[in-house]
Amino acid sequence: NGSCLFHGMISREYADELLSGAEGSYLIRESQRQPGSHTLALRFGHQTFNYRLFYDGKHFVGEKRFESVHDLVTDALIILYIETKAAEYIAKMTTNPIYEHLGYTSLLKDKMVHRLSRGRTEPRRVTFQRDEKISSPLVRRSALKDTPEKQCFYEKIHNFKVHTFRGPHWCEYCANFMWGLIAQGVRCSDCGLNVHKQCSKLVPSDCQPDLRRIKKVFSCDLTTLVKAHNTTRPMVVDMCIREIELRGMKSEGLYRVSGFSEHIEDVRLSFDRDGEKADISASAYADINIIAGALKLYLRDLPIPVITFDLYSKFIQAAKMPNSDSRLEAIHEGLLQLPPAHYETLRYLMAHLKRVTMFEKDNLMNAENLGIIFGPTLMQPPELNALTTLNDMRQQKVVVQLLIEHEDVLF
Ligand SMILES: [Zn+2]
Ligand SMILES: [Zn+2]
């Protein structure tokens, strides 16, 4: 272990001379070119490494921050040692991961039984013909309701964040030691998987979020929520729609009339607190507009909208097409690219809104005014810009209107 010396303004060459012969020793010098800035000179492997040293309450040369320069140097020596002496070994370790057969899978095997059998049932491809008469949506009504979908096979990427491990830890991908004093690796904040930073790039998208780590229901990523609850769609969507279909379909201005915002907030809190045990029955909230409002709020507050940021402009462009057949073709193309959990949610919601329009005589809601309401709820431009939002409002409406009207052929 090195001894530290603070030297004033000395040259790089002189620092090199001072440190030569003493492996692991280091000194801090003030830069001659930029007075006031400091350089850490560190001797390792018969050469001197120079790092610009920063301090903002903690010491750092890269992304890791340390309480003392001593800790920083210890960490740097470990990293330098590992990277030079064990470079070949490190390169090799990720080529033969334990992951599939030992690590993560066995740790979470009770939760991971579906992992191997996952796979998305591809939505059927359809072609659009001129003057095609839409088959009666009534035919499909029961199909949507009766399928017991209580399993979820969607892929989800891990949500890795740099993590400092206390005590020795081993990578759950390659089984090797996580070296360094701090920030030795990354941890998935949704499922708790611990791996080396370089291994994180190789881990498959098989994150199975842990319910205890998912703190809220609202504002939680859609795929994360359905994976955590092992459902096909977010249970908020299913539960609200079930409640609305039970007692609200003839309610005038359904989805247009807003419920008391304090009550909607109440529903949000009870979903966040109680999950699928949240009570949204008529005895808890007599006004169906509160449930409809909560559903809209849920969809609007998603960190990634149901129609994802990535596909936003594709849908807007589709809506601008003059020919109605190519418009539907383009929308259908876009739908097939949605992440499966988003696709399933949208499909279910559109089938529901279609049924809402069948009661237009009573509720006065049709595909067009529902399109105005759900357009900005289901799709938002990736960059918030008042002008874009204003310009796209018409297309947003058109997209949702078409999704409702052609629900049976599009999905
Ligand atoms: Zn994960
Ligand atoms: Zn690893």
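Heads up: the sequence shown is residues 1 to 411, going by UniProt numbering.
Idealized CB from N, CA, C, for every residue including glycine.
As the structure is a computational prediction, the values presented were derived from the model and not from experiment.
#### Entry: For LEU328 and ALA76, the rounded distance between their alpha carbons
Between ALA76 and LEU328, the alpha-carbon positions lie close to 58 angstroms from each other.
### Query
What do you get for MET350, buried or exposed, if any count of 16 or more other CB atoms within 10 angstroms of its CB means buried?
Counting the other Cβ atoms within 10 Å of the Cβ of MET350 gives 16 or more, which makes it buried.
### Task
Within its chain, find whatever has a CB closer than 7 angstroms to the CB of GLN396; leave out the 5 residues flanking it on each side and keep chain order.
So the list reads GLY375, PRO376, MET379, once near-sequence residues are dropped.
### Task
Let me know the secondary structure DSSP gives GLU407 once reduced to three states.
In the structure shown, GLU407 sits in a helix (DSSP, three-state: H, G or I).
### Where ARG166 sits in the DSSP three-state scheme
Here DSSP, grouped into helix, strand and coil, assigns ARG166 to coil.
### Query
With distances taken from each beta carbon to the nearest heavy atom of ligand 2, which residues come in below 5 angstroms, in chain order?
Matched residues: CYS171, TYR173, CYS174, HIS196, CYS199.
### Query
According to DSSP, is residue 443 helix, strand or coil?
Since the first residue shown for the chain is 1 and the last is 411, residue 443 is missing from the structure and cannot be characterised.
### Task
Would you mind reading off the limits of the beta strand (DSSP E) that contains TYR55?
For TYR55, the uninterrupted beta strand (DSSP E) segment begins and ends at 47-55.
### Task
Give me the Cα-Cα distance between GLU30 and TYR81, rounded to the nearest whole angstrom.
Counting only the Cα atoms, TYR81 lies some 26 angstroms from GLU30.
### Message
Between VAL257 and ALA294, how many whole angstroms is the CB-CB distance? I'm expecting something under 8 angstroms.
### Response
Beta-carbon to beta-carbon, VAL257 and ALA294 are separated by about 14 angstroms, too far to satisfy the 8 angstroms threshold.
### Task
Kindly indicate the opening and closing residues of the alpha helix (DSSP H) around residue 414.
Because the chain is modelled from 1 through 411, residue 414 falls outside the range shown and cannot be assessed.
#### Entry: Where ILE182 sits in the DSSP three-state scheme
It is coil, neither helix nor strand.
### Message
So, with DSSP's three-state summary, where would you put MET239?
### Response
MET239: helix per DSSP, three-state reduction.
### Check whether GLU23 and ARG52 have beta carbons under 7 angstroms apart
No.
#### Entry: Contacts around LEU353, its chain only, beta-carbon distance under 6 angstroms, and the 5 residues preceding and following it disregarded
Within the same chain, LEU370, ILE404 come within 6 angstroms of LEU353 by CB-CB distance, once the 5 residues on both sides are set aside.
### Cβ neighbours of VAL217 in the same chain (closer than 7 angstroms, five flanking residues each side left out)
So the qualifying residues of the chain are LEU225, VAL236, PHE271, ASP272, GLY275.
### Query
Helix, strand or coil for PHE315 per DSSP?
Here PHE315 sits in helix by DSSP.
### Classification of PHE411 by the beta-carbon crowding that lies within 10 angstroms, buried from 16 upward
It counts as buried.
### Message
Judging by CA-CA distance, which residue of GLU245, LEU311, PRO340, ALA286 is the nearest neighbour of PRO234?
### Response
Distances from the alpha-carbon of PRO234 to those of GLU245, LEU311, PRO340, ALA286 put PRO340 closest.
### Limits of the unbroken alpha helix (DSSP H) element including PHE271
Segment 261-274, the alpha helix (DSSP H) holding PHE271.
### Task
Answer yes or no: the CB of ASP190 versus the heavy atoms of ligand 1, is any distance below 6 angstroms?
At least one heavy atom of ligand 1 is nearer than 6 angstroms to the Cβ of ASP190, so yes.
### Query
In the DSSP assignment, what residue or residues form a beta bridge with VAL226?
None, per the DSSP bridge assignment.
### Query
Quick one: is HIS46 buried, meaning 16 or more other Cβ sit within 10 Å of its Cβ, or exposed?
When all chains shown are included, HIS46 counts as exposed.
### Classification of LEU181 by the beta-carbon crowding that lies within 10 angstroms, buried from 16 upward
Buried, because 16 or more other Cβ atoms sit within 10 Å of the Cβ of LEU181.
### Query
What residues match up with PHE160 in a beta bridge as DSSP calls it?
DSSP, once it has assigned bridges, lists CYS188 as partnering PHE160.
### Message
Within a Cβ cutoff of 7 angstroms, which residues of the same chain sit near LEU211, ignoring the five residues on either side of it in sequence?
### Response
Exclusion of the five residues before and after LEU211 leaves ALA228 as the residues of its chain whose Cβ lies within less than 7 angstroms of its Cβ.
### Query
Under three-state DSSP, which class holds HIS59?
HIS59: strand per DSSP, three-state reduction.
### Query
Excluding the five sequence neighbours on either side, which residues of its own chain have a C-beta within less than 8 angstroms of the C-beta of ILE241, listed in chain order?
These residues qualify, in order along the chain: LEU295, TYR348, LEU349, HIS352.
### Query
Would the beta-carbon of LEU193 be found less than 6 angstroms away from any heavy atom of ligand 1?
Yes.
### Task
Please report the residue range of the alpha helix (DSSP H) in which PRO381 lies.
Unbroken run through PRO381: none, as it is neither H nor E.
### Query
Can CYS220 be considered in contact with ligand 1, in the sense that its beta carbon sits closer than 6 angstroms to one or more heavy atoms?
No, since every heavy atom of ligand 1 falls outside the 6 angstroms radius drawn around the Cβ of CYS220.
#### Entry: Residues that residue 421 bridges to, as DSSP identifies them
Nothing about residue 421 can be read from this structure; the chain reaches only from 1 to 411.
### Task
Tell me whether the beta-carbon of VAL409 lies closer than 7 angstroms to the beta-carbon of ALA319.
It is not a contact, given that the beta carbons lie outside the stated cut-off.
#### Entry: 6 angstroms Cβ shell around residue 495 - same chain, five flanking residues per side excluded
No statement about residue 495 is possible, as the shown extent of the chain runs from 1 to 411 and does not include it.
### Query
Ends of the alpha helix (DSSP H) at GLY334?
In the DSSP assignment, GLY334 falls within the unbroken alpha helix (DSSP H) covering 324-337.
### Message
Taking the alpha-carbon of ARG394 as reference, which of ARG12, GLN317, PHE6, THR308 has the nearest alpha-carbon?
### Response
Comparing C-alpha distances from ARG394 to each of ARG12, GLN317, PHE6, THR308 shows the shortest one belongs to GLN317.
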